[in-house]
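One structure below.
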Amino acid sequence: STLSFVLGTRPEIIKLSPVIRACQRRDVPFSIVHTGQHYSEDLDSVFFEQLDLPTPDYNLAVGSSSHGEQTGKMIAEIESVLESERPEVVIVQGDTNSVLAGTIAATKMADIEVGHVEAGLRSFDRDMPEEINRRVSDHAADYLFAPTNTSGDQLRQEGLSDEWITVTGNTVVDAVHQNVEIAHERSSVLSDMNLDERFALLTAHRAENVDDRERFERLLDSVAKATDEHDLSVVYPIHPRAEKRISEFGINVPDTIQLVEPQDFLDFLVLEDEATIVFTDSGGVQEESCILRTPCVTLRDNTERPETVDVGANLVVGVAPDDVSEGVRKMLTRDRNWENPFGDGTAADQILDTLGYE
Ligand code: UD1
Ligand code: UDP
1282 STLSFVLGTR
1292 PEIIKLSPVI
1302 RACQRRDVPF
1312 SIVHTGQHYS
1322 EDLDSVFFEQ
1332 LDLPTPDYNL
1342 AVGSSSHGEQ
1352 TGKMIAEIES
1362 VLESERPEVV
1372 IVQGDTNSVL
1382 AGTIAATKMA
1392 DIEVGHVEAG
1402 LRSFDRDMPE
1412 EINRRVSDHA
1422 ADYLFAPTNT
1432 SGDQLRQEGL
1442 SDEWITVTGN
1452 TVVDAVHQNV
1462 EIAHERSSVL
1472 SDMNLDERFA
1482 LLTAHRAENV
1492 DDRERFERLL
1502 DSVAKATDEH
1512 DLSVVYPIHP
1522 RAEKRISEFG
1532 INVPDTIQLV
1542 EPQDFLDFLV
1552 LEDEATIVFT
1562 DSGGVQEESC
1572 ILRTPCVTLR
1582 DNTERPETVD
1592 VGANLVVGVA
1602 PDDVSEGVRK
1612 MLTRDRNWEN
1622 PFGDGTAADQ
1632 ILDTLGYE
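Residue numbers (our numbering): 1282 to 1639.
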């Protein structure tokens, strides 16, 4: 095939779906190499079905393990697939271990180039595994598809050549535009969950939040307190990493927070669109709430999506109770007329144009 997509987790499937569809429209031959980093049905196959994506040509089934073991297995397996596929370009998206592995395997092979979608994001927090993955991938890739001018400038500032950088917008805008109307038509999540008219949506899964017992407890308590002050119930579609920690640590989740299974994309889009406010530590959720004009409070100490804060859609507050409460008060009184900083929803087409696949 001409292009190989290497992907492995929920956000990569969602954010590469517009690029895969654009390949189908343009008759660009491609293959999908799934690392198997995510494998639970509700983090994986449900998105292929709902987004009408072809079944991966390869599933490397690496599963969960330590960073080194997981990434190492992926590199070896991806290399052997690429030996037979021999694509011109390998496309990776984002900052997961699957991205790091795909980039390293491909960049060392003669005649295979690497395109990094969502290049140039920086949290400047080197304790986050994702920050290392992004930096290494950006510095090894041949095509850097930066979502915004901020991320493009960051890459130039790190000495990467202008020739390699294209500001395309973020493919998440394409994905939201392609699915939000369908979501409202087809999803019955609001009535199925029996949600109040006003509710808050919470997602939290990031290692630095949920792998530390005290911090995870504080996060949940702060969200419960802040929402109590505004009479909001909270729905929390829980990522398996967080679910595992709750039982392992024996955490008592405050009873205003309703734990539910991870949602499919259409149901989740409706929840994001209809929520009074979103609490999150997810990258994709910060972007999507900004695009959908739902106020967002980010439960982290930093963000690699500063554009959401700059336009007024997001506040980065950490997990301390007073800071979370203040963040909610501020976001609930703001006008929701901010601009979407992530482009016009044509990122996928711009990526294929840049690669020369007309
Ligand atoms: C990974 C990414 C993170 C991204 C997230 C998207 C890295 C370093 N982290 O985190 O940046 O935001 O995906 O959701 O790449 N598990 C399951 N089923 C699965 C997958 C995982 O139950 O299908 C459980 C396992 O207990 C596993 C844990 O979740 O140990 C963590 O999975 P892992 O892939 O290591 O990282 P994520 O937290 O999913
Ligand atoms: N998402 C979903 N169902 C959920 C939670 C999230 O479909 O229950 C989608 C969400 O719309 C976004 C993506 O998953 O597109 C974000 O993935 P995640 O938070 O796992 O990873 P991150 O963006 O932080 O890397």
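Beta carbons: idealized from backbone N, C-alpha and C, even for Gly. As the structure is a computational prediction, the values presented were derived from the model and not from experiment.
Residue i beta carbon near the ligand UD1 (any heavy atom closer than 6 Å)
i: PRO1410; result: yes
i: ARG1484; result: Checking the sequence shown, residue 1484 turns out to be Thr, not Arg. No, the ligand UD1 has no heavy atom inside 6 Å of this Cβ.
i: GLN1318; result: yes
i: SER1570; result: no
i: ARG1496; result: no
i: THR1377; result: yes
i: LYS1354; result: no
i: LEU1324; result: yes
i: ARG1416; result: no
i: ARG1403; result: no
i: LYS1525; result: yes
i: ARG1407; result: no
i: PRO1299; result: no
i: PRO1337; result: no
i: PRO1602; result: no
i: PRO1521; result: yes
i: SER1528; result: no
i: SER1321; result: yes
Residue i: CB within 6 Å of a non-hydrogen atom of the ligand UDP
i: GLN1374; result: no
Identity of the residue in the options nearest residue i by Cα
i: ASN1451; options: LEU1402, TYR1320, ASP1434; result: LEU1402
i: THR1584; options: VAL1343, GLU1411, VAL1398, ILE1295; result: GLU1411
i: ASP1455; options: SER1361, ALA1629, LEU1633; result: ALA1629
i: ASP1625; options: GLU1588, GLU1444, HIS1486, PRO1428; result: PRO1428
i: VAL1373; options: PHE1560, LEU1297, GLY1599, ASP1493; result: LEU1297
i: SER1503; options: VAL1534, ARG1494, VAL1600; result: VAL1600
i: LYS1389; options: THR1377, SER1361, ASN1414; result: SER1361
i: ASN1621; options: GLY1593, VAL1541, GLU1350, VAL1597; result: GLY1593
i: PRO1292; options: HIS1315, TYR1517, MET1409; result: HIS1315
i: GLU1495; options: ILE1527, GLU1330, GLY1344, PHE1286; result: ILE1527
i: PRO1543; options: GLY1531, VAL1461, GLU1369, TYR1517; result: TYR1517
i: ASP1591; options: THR1431, VAL1371, GLU1330, ILE1295; result: THR1431
i: GLY1637; options: VAL1309, ILE1295, SER1282; result: VAL1309
i: VAL1398; options: ASP1423, VAL1605, CYS1571; result: ASP1423
i: LEU1363; options: LYS1506, VAL1287, GLU1498; result: VAL1287
i: MET1409; options: TYR1320, ALA1505, SER1563; result: SER1563
i: ILE1558; options: VAL1541, ARG1617, ILE1519; result: ARG1617
i: ARG1522; options: GLY1344, GLY1396, ASP1492; result: ASP1492
i: ILE1463; options: ASP1545, GLN1435, ILE1532; result: ASP1545
i: GLY1565; options: HIS1486, GLU1607, THR1635, ASP1603; result: HIS1486
i: TYR1339; options: SER1282, SER1347, SER1345, PRO1299; result: SER1282
i: VAL1371; options: GLY1344, SER1347, ILE1301; result: ILE1301
i: LEU1341; options: GLN1351, GLN1631, GLY1608; result: GLN1351
i: MET1474; options: HIS1465, SER1570, VAL1541, ASN1490; result: VAL1541
i: PRO1337; options: SER1346, HIS1348, TYR1320, GLY1349; result: TYR1320
i: THR1635; options: PRO1299, GLU1444, ASP1392, LEU1332; result: GLU1444
i: GLU1330; options: VAL1461, GLU1478, LEU1513, ILE1295; result: ILE1295
7 Å Cβ cutoff met for residue i and residue j
i: PHE1426; j: THR1447; result: yes
i: VAL1515; j: THR1484; result: no
i: GLU1366; j: SER1312; result: yes
i: GLN1567; j: ARG1581; result: no
i: LEU1633; j: ALA1387; result: no
i: SER1379; j: GLN1318; result: yes
i: LEU1501; j: PRO1535; result: yes
i: LEU1284; j: PRO1368; result: yes
i: LEU1482; j: ALA1556; result: yes
i: THR1377; j: THR1449; result: no
i: VAL1598; j: ASP1604; result: yes
i: ILE1519; j: GLU1498; result: no
i: SER1570; j: ALA1507; result: no
Residue i: CB within 6 Å of a non-hydrogen atom of the ligand GDP
i: SER1345; result: No copy of the ligand GDP occurs in the structure displayed; its ligands are the ligand UD1 and the ligand UDP alone.
For the structure I just gave you, are there three or more beta carbon pairs, one from the region 1352-1370 and one from the region 1380-1388, closer than 8 Å? With a cut-off of 8 Å, the region 1380-1388 and the region 1352-1370 count as touching, because enough Cβ pairs lie within range.
Mind listing, in chain order, the residues whose beta carbon lies closer than 5 Å to a non-hydrogen atom of the ligand UDP? Working through the chain, the matches are ARG1291, PRO1292, ILE1295, PRO1518, PRO1543, GLN1544, PHE1546, PHE1549, SER1563, GLY1564, GLY1565.
So, does the region 1548-1559 touch the region 1458-1473, judging by three or more C-beta pairs under 8 Å? Taking 8 Å as the limit for Cβ pairs, the verdict is that the region 1458-1473 does touch the region 1548-1559.
At least three beta-carbon pairs within less than 8 Å, the region 1407-1424 to the region 1317-1329: In this structure the region 1407-1424 does not touch the region 1317-1329; the number of beta carbon pairs closer than 8 Å is below three.
At least three beta-carbon pairs within less than 8 Å, the region 1602-1613 to the region 1577-1594: Taking 8 Å as the limit for Cβ pairs, the verdict is that the region 1577-1594 does touch the region 1602-1613.
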